[in-house]
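Take a look at the structure below.
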Amino acid sequence: MHVYINDNFSKFILLKAMVDSKIAIYRLTALWAFAECGIGGVLHAFKLPITGLVVGGIAITILSIIRALSGSDFRKNILQALAVVIVIKATITPHAGITAYLAVAFQGISAVIFYSLIPSFKIGTILHCMVSMIESALQKVLVLLVLYGETLLKAIDKLGSWVSSMLDVPVDTISMSLISGYTVFFALWGLFIAWMAIRLTKVIQSVLNKERYTIEISKSSETLMGARRRKRKGWLILLLILVALLIYSFFIEQEANGWILLFRVIVVMIVFYKVIGPLLARALASFIKKYRASNTSYMQYVLDALPYTGVIAKKAWKENNHRPFLGKIRHFMIDVIMYQLYFIPK
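Quick note on the numbering used here: the sequence shown kicks off at -8 and runs consecutively.
Here it is as structure tokens:
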């Protein structure tokens, strides 16, 4: 099958050695779903400290490959893959927060927007990857600011001022510097992912790579679990931040701001979990019910592929475990995608 994309990056030609593009998109959708639901557990098992960055990187890399394989149908294919991933995520990890679904939706919708507005595959991929990672960073910062408000920034600045006085290094508004540095780091990671995704589309064209990745895989009997444990960890972090800020307000600043902070957190949590959360959850449940009923074959193919994807993720990680840190991440992400495209179910 030949697929052509007319853009400034290249006239992308999928060689006959490549798997059928429709099956490839199904398999990539399964990998995206696995990245959102289960690959974090695989990576946590190997003590990888930047699981979130790897999961996000795999997701946006998959979207760029779906774009490359889809030709003029990329909008339909990306949105369909996005819908399937959301449905599977809700099915396998029902305790995931609404913000997790917003992040996934942003990745898919922004991919459609950038690739629709920008004819160049290369430029579109760079912008999409960078913006997606920046959104991931800002979403986390925004959650903290909505919960803790100005008290968080003041506490960080106070700590920064104390450290700078000890080191005799003048520092102003360290909180904004940290937020800026955090965002820039995510943007640079997005640039790295874009570079890797563009290279990967070239690798897919190479007939030489097919034999290495065309291997028989037996499905895993393990289920995709662990989301609840990670959610509890997230709650623990938020609670520790709240305790630290209350100590700062009552014992360091010696003000009544601690009561205001506590009241703010309680109100925000009630509004989100009793008003906004249930409304969004009902809308999501309605969407899932309708989509699942009308796309049973696509859903079933992706669900059937998930047990194989778990085996592939572990295999790709073990094969690259000897590499230096950044090389390990890069080769793992490339290998897990290539194995997913070419594996033969046993």
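Cβ coordinates follow ideal geometry from the N, Cα and C atoms, glycine included.
* Enumerate in chain order the residues of its own chain whose CB-to-CB distance from S209 is below 6 Å, with the five nearest sequence positions on each side excluded. => Excluding sequence positions up to five before and after S209, its CB lies within less than 6 Å of the CB of K337, all in the same chain and listed in chain order.
* Asked: Name the DSSP bridge partner or partners of I267?
  -> Residue pairing by DSSP places I267 opposite no residue, since no beta bridge is assigned to it.
* From L54 to G99, what distance separates their C-alpha atoms? -> Between L54 and G99, the C-alpha separation is close to 7 Å.
* To do: Go ahead and label M260 buried or exposed: buried means 16 or more other beta carbons lie within 10 angstroms of its beta carbon, across all protein chains shown.
  => Counting the other Cβ atoms within 10 Å of the Cβ of M260 gives fewer than 16, which makes it exposed.
* **Boundaries (first-last residue) of the alpha helix (DSSP H) holding R203** => Unbroken alpha helix (DSSP H) run through R203: K201 to Y204.
* Would you call the CB atoms of V76 and A24 closer than 7 Å? -> In contact: V76 and A24 (Cβ atoms closer than 7 Å).
* **Contact test: Q291 Cβ vs the ligand ZN heavy atom, cutoff 6 Å** => Among the ligands in the structure shown, none appear at all, so the ligand ZN cannot be discussed.
* Own chain, CB closer than 7 Å to R18, minus 5 neighbours either side, in chain order -> Its chain contains A296, Q331 and L332 as the residues whose beta carbon lies nearer than 7 Å to that of R18, once the 5 sequence neighbours on both sides are disregarded; these appear in chain order.
* To do: Under the assumption that T20 contacts A72 (Cβ atoms under 8 Å), give the Cβ distance between them as a whole number of angstroms.
  => Separation of the CB atoms of T20 and A72 is rounded to 4 Å, and the pair is thereby assigned contact status at 8 Å.
* To do: Out of Q291, F97 and L135, point me to the one whose CA is closest to L231's CA.
  => Comparing Cα positions, the closest option is L135.
* Within 10 angstroms of its Cβ, does N68 collect 16 or more other Cβ (buried), or is it exposed? -> Buried, because 16 or more other Cβ atoms sit within 10 Å of the Cβ of N68.
* To do: Taking 7 Å as the cut-off, decide whether the C-beta atoms of V78 and I320 are in contact.
  => By the CB criterion at 7 Å, V78 and I320 fall outside the cutoff.
* If we count the other Cβ atoms within 10 Å of its Cβ and call it buried at 16 or more, is Y264 buried or exposed? -> Residue environment for Y264: exposed (fewer than 16 other C-beta atoms within 10 angstroms of its C-beta).
* Would you decide whether V335 is buried or exposed? Buried here means 16 or more other CB atoms lie within 10 Å of its CB. => Per the sequence presented here, residue 335 reads as Ile, with Val not at that position. By the C-beta density criterion, I335 is exposed, having fewer than 16 other C-beta atoms within 10 angstroms.
* **Segment contact flag, the segment 165 to 178 with the segment 307 to 317, C-beta cutoff 8 Å, min 3 pairs** => Because the criterion of three Cβ pairs below 8 Å is not met, the segment 165 to 178 and the segment 307 to 317 do not touch.
* Roughly how many whole angstroms lie between the Cα atoms of I14 and A188? -> Approximately 19 Å, taken between the alpha carbons.
* Under the three-state reduction of DSSP, which class applies to F83: helix, strand or coil? -> Correcting the residue type first, residue 83 is Ile in the shown sequence and not Phe. For I83, the three-state secondary structure derived from DSSP is helix.
* The alpha helix (DSSP H) spanning D326 covers which residue range? -> D326 -> alpha helix (DSSP H) spans F316 to Y333.
* To do: Run the CB neighbour count on D11, radius 10 Å, all protein chains shown included, and call it buried at 16 or more, exposed below.
  => By the neighbour-count definition (other C-beta atoms within 10 Å, threshold 16), D11 is an exposed residue.
* Asked: Are A26 and T116 touching if we call contact CB-CB under 7 Å?
  -> Note that the C-beta distance between A26 and T116 is not below 7 Å.
* Measuring CA to CA, which of Y299, Q130 and V103 is closest to L70? -> The residue with the shortest Cα to Cα distance from L70 is V103.
* Could you tell me the distance, in whole angstroms, from the CA atom of G217 to the CA atom of L118? => Low per-residue confidence applies at G217: pLDDT is 46, beneath 50, and the placement is therefore not dependable, though the value from the model is reported in the following sentence. Between G217 and L118, the C-alpha separation is close to 32 Å.
* C-alpha gap between L199 and T205, whole angstroms -> Caution applies to L199, whose pLDDT of 49 falls short of 50 and renders its modelled position unreliable; the model cannot decide the point.
* **Through-space distance from K80 to T341, alpha-carbon basis** => Limits of the chain in this structure are -8 at one end and 337 at the other, which puts residue 341 out of reach.
* Shortest alpha-carbon distance to V302 belongs to which of K281, R314 and I328? -> Nearest option by C-alpha distance: I328.
* Under the three-state reduction of DSSP, which class applies to I109: helix, strand or coil? -> In the three-state scheme derived from DSSP, where H, G and I count as helix and E and B as strand, I109 is classed as coil.
* What did DSSP end up calling R219 once you bin it into helix, strand or coil? -> Any reading at R219 must be qualified, since the residue scores a pLDDT of 48, below 50, and its modelled position is unreliable; no value is offered.
* Y292 versus I83: straight-line alpha-carbon distance, rounded -> Each residue's alpha carbon lies about 15 Å from the other.
* Thinking C-beta only, is F183 closer than 7 Å to M124? -> No. Outside cutoff.
* Asked: Hey, L22 and T192: beta-carbon distance below 7 Å or not?
  -> No.
* Could you please give the first and the last residue of the uninterrupted alpha helix (DSSP H) stretch that includes S12? => Counting along the chain, the unbroken alpha helix (DSSP H) around S12 starts and ends at S12 to C28.
* Buried versus exposed, by CB contacts within 10 Å (16 or more), V137 -> Exposed, because fewer than 16 other Cβ atoms sit within 10 Å of the Cβ of V137.
* **Nearest-angstrom Cα separation, counted from F323 out to R283** => Distance between the alpha carbons of R283 and F323: 32 Å.
* To do: Can you give me the start and stop residues for the alpha helix (DSSP H) that S288 sits inside?
  => From DSSP, the alpha helix (DSSP H) with S288 extends over T287 to E310.
* To do: Report yes if the CB atom of I51 is closer than 7 Å to the CB atom of L271, and no otherwise.
  => The Cβ-Cβ distance between I51 and L271 does not fall below 7 Å.
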